[in-house]
Amino acid sequence: MSERGYAAIGFYHPKCLANVGGAFRAAHCYNAKLLLIQGQRYRRASTDTPQAYRHIPLLRGTLKELIPYDCVPVAVDLVPGARSLHSYTHPERAMYIFGPEDSTLGTEILSWCRDVIYIPMQGCSNLAATVNVVLYDRSKKRQREERLLMASAYSPLQQQPEQQPSP
1 MSERGYAAIG FYHPKCLANV GGAFRAAHCY NAKLLLIQGQ RYRRASTDTP QAYRHIPLLR
61 GTLKELIPYD CVPVAVDLVP GARSLHSYTH PERAMYIFGP EDSTLGTEIL SWCRDVIYIP
121 MQGCSNLAAT VNVVLYDRSK KRQREERLLM ASAYSPLQQQ PEQQPSP
């Protein structure tokens, strides 16, 4: 059974070219379906070794206007009120939004995101590492959900109690 849904990755004013390339590489490795960029700081990076932009559509513009229909916007940011990735249930169709490494996403983005999550760790991580962790977590949890769904769909019918022969 193939995985239902998809992950789209949005970048809000990404800063470090090498980390953007690494984030694109992670998106390619974890089968993201769409890359979106808002801001002028991006250009192709040598760290995008699979050249993800050739395999995954890359759109530039305002993230809020580019979000796919019926897709849940999920901000990934270390801000008060964010939910821990450990306990987060990923939506079937999600657009994960990552900000620049030198600031947060800010209210411009957070105001329209349904969910805000963070990775529990000491300090903070770079963009490429963060994208890898979030997409790995999604992959692992979605795979577990699908196994449970398949197991319940194919479980044997409940056994009927054996009837005692009539005397």
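Residue numbers (this note's numbering): 1 to 167. For each residue, glycine too, the CB sits at the ideal point set by N, CA and C. Only a predicted model underlies this, so the values are computations on that prediction, with no experimental measurement involved.
Label residue i either buried or exposed according to how many other C-beta atoms from any shown protein chain fall within 10 Å of its C-beta, with 16 as the threshold for buried.
i	result
Y96	buried
Y69	exposed
G61	exposed
D102	exposed
N31	exposed
C124	exposed
Q38	buried
Just to confirm the assignment, what range does the alpha helix (DSSP H) spanning residue i have?
i	result
A27	L17 to C29
By Cβ distance below 7 Å, which residues in the same chain neighbour residue i in space, the five residues on each side in sequence not counted?
i	result
V131	I9, A23, A26, A27 and F98
Once you ignore the five residues that flank residue i on each side, which residues in its own chain have a CB closer than 6 Å to its CB?
i	result
K140	none
L34	A8 and P57
Q158	Note that Q158 scores a pLDDT of 49, beneath 50, so its modelled location is shaky; the value from the coordinates is reported in the next line. Taken in chain order, the list of residues that qualify is empty.
Hey, out of the options, whose CA is closest to residue i's CA?
i	options	result
Y136	F11, T104, L85 and V72	L85
R138	C29, D48, E108 and F11	C29
I117	L66, I37, Y6 and P80	P80
V20	L110, D48, G39 and G5	D48
Identify the continuous beta strand (DSSP E) that holds residue i and give its terminal residues.
i	result
I9	Y6 to Y12
- Message: Pairs of beta-carbons, one from the stretch 46-53 and one from the stretch 68-85, closer than 8 Å: are there three or more?
- Response: no
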